[in-house]
Amino acid sequence: MNSTETAIPADLHPPGDAPAVVKYCLFRSGDSWFAIPAIAVHEIAACPALVPVPHSGPALAGMCHLRSEFNPVIALNPLLRSDEASGVRGDNQLLVIQSSSVWSLLIAEAAGIVSLETLVTPESRGDDRIQTPVIGTSMFRDHIVHVLDPGGILRLAQQTLESLWNVAGQEVAASPTHVRSQG
Numbered sequence: 001m002n003s004t005e006t007a008i009p010a011d012l013h014p015p016g017d018a019p020a021v022v023k024y025c026l027f028r029s030g031d032s033w034f035a036i037p038a039i040a041v042h043e044i045a046a047c048p049a050l051v052p053v054p055h056s057g058p059a060l061a062g063m064c065h066l067r068s069e070f071n072p073v074i075a076l077n078p079l080l081r082s083d084e085a086s087g088v089r090g091d092n093q094l095l096v097i098q099s100s101s102v103w104s105l106l107i108a109e110a111a112g113i114v115s116l117e118t119l120v121t122p123e124s125r126g127d128d129r130i131q132t133p134v135i136g137t138s139m140f141r142d143h144i145v146h147v148l149d150p151g152g153i154l155r156l157a158q159q160t161l162e163s164l165w166n167v168a169g170q171e172v173a174a175s176p177t178h179v180r181s182q183g
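Quick note on numbering: full-length UniProt numbering labels position 11 of the sequence shown as 11, and the sequence is numbered without any gaps.
Right under this line is the structure:
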């Protein structure tokens, strides 16, 4: 291990296993810096035109067509309820994540792949992890970096969308002009 690589704290890997070096993709969204495990990143691309999704709120920036696939694009600051305004100018790149599905984060810039020593937040260890995809913090140069769990981001985005769409569905069903089709 060289001087720039750091090991995962002992309580974050199985007993008996040697500490592994974790590499992160470091990126900026708005004025905030974030990191996500590099292994989850599929690619970084220029953001094509986004198509808004009705009743999705600001956390879903829209859908795009990238490399012959439809790709949901998540705006990180509104999803995390950051103080920054949504639609921050300069967020014009996609950080494409590939897990069980392909989706993207709208970002301003990617700084590169780095090793970070992460201070794990107490919230990320308990049942609240579902509510916050931020698993810890770190420092990179003069910046505070929020370390993210890609699965947590996707779960929070899905929960947020389901909630908004349920409310929108109830409003449509309650409207006097709503007529159910007979079929």
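Using N, Cα and C, we set each Cβ at its ideal position, and we do this for glycine too.
Determine the DSSP secondary structure at G112, reduced to helix, strand or coil. Strand.
If I follow the unbroken beta strand (DSSP E) through L79, where does it start and stop? For L79, there is no enclosing beta strand (DSSP E); the enclosing alpha helix (DSSP H) covers residues 76-79.
Helix, strand or coil: which one does DSSP assign to P52? Coil at P52, not helix or strand.
Give the DSSP-derived three-state secondary structure of R155 in the structure shown. Here DSSP, grouped into helix, strand and coil, assigns R155 to helix.
Please confirm whether L97 and V41 have their CB atoms less than 8 Å apart. With the sequence shown as reference, residue 97 is identified as Ile, and Leu is not the correct amino acid for it. In this structure, the beta-carbon distance from I97 to V41 falls below 8 Å.
Cross-strand partners of P37 (DSSP beta bridge): Note: P37 sits in a beta bridge opposite Y24.
Look up T137 in the DSSP assignment and say whether it is helix, strand or coil. In the structure shown, the three-state DSSP call for T137 is strand.
Measuring only the C-alpha atoms, how far is P150 from H55? P150 and H55 have their C-alpha atoms some 23 Å from each other.
With C-beta atoms as the reference, is E69 less than 8 Å away from V22? Cβ atoms of E69 and V22: not closer than 8 Å.
Excluding five sequence neighbours on each side, which residues of the same chain lie with their C-beta closer than 7 Å to the C-beta of A49? Taken in chain order, the residues that qualify are C64.
Going by the DSSP bridge assignment, what does A45 pair with across the sheet? Beta bridge pairing from DSSP links A45 with L94.
Using the Cα positions of L116 and E162, report the straight-line distance between them to the nearest angstrom. Taking the straight line from one Cα to the other gives about 34 Å.
Can you tell me where the beta strand (DSSP E) with G30 in it begins and where it stops? Annotation for G30: no beta strand (DSSP E) segment contains it, and DSSP assigns it neither H nor E.
Is it buried or exposed for I39, if we count other Cβ within 10 angstroms and need 16 for buried? Exposed, by the Cβ-count rule.
Euclidean distance between Cα positions of L94 and S138: Rounded to whole angstroms, L94 and S138 show a C-alpha spacing of 23 Å.
Opposite S104 in the DSSP bridges: which residues? Answer by DSSP bridge pairing, in chain order: V73, V96.
Segment limits, beta strand (DSSP E) that includes G62: Counting along the chain, the beta strand (DSSP E) containing G62 begins and ends at 60-66.
Can you name the residues that DSSP bridges to V167? None; V167 has no bridge partner.
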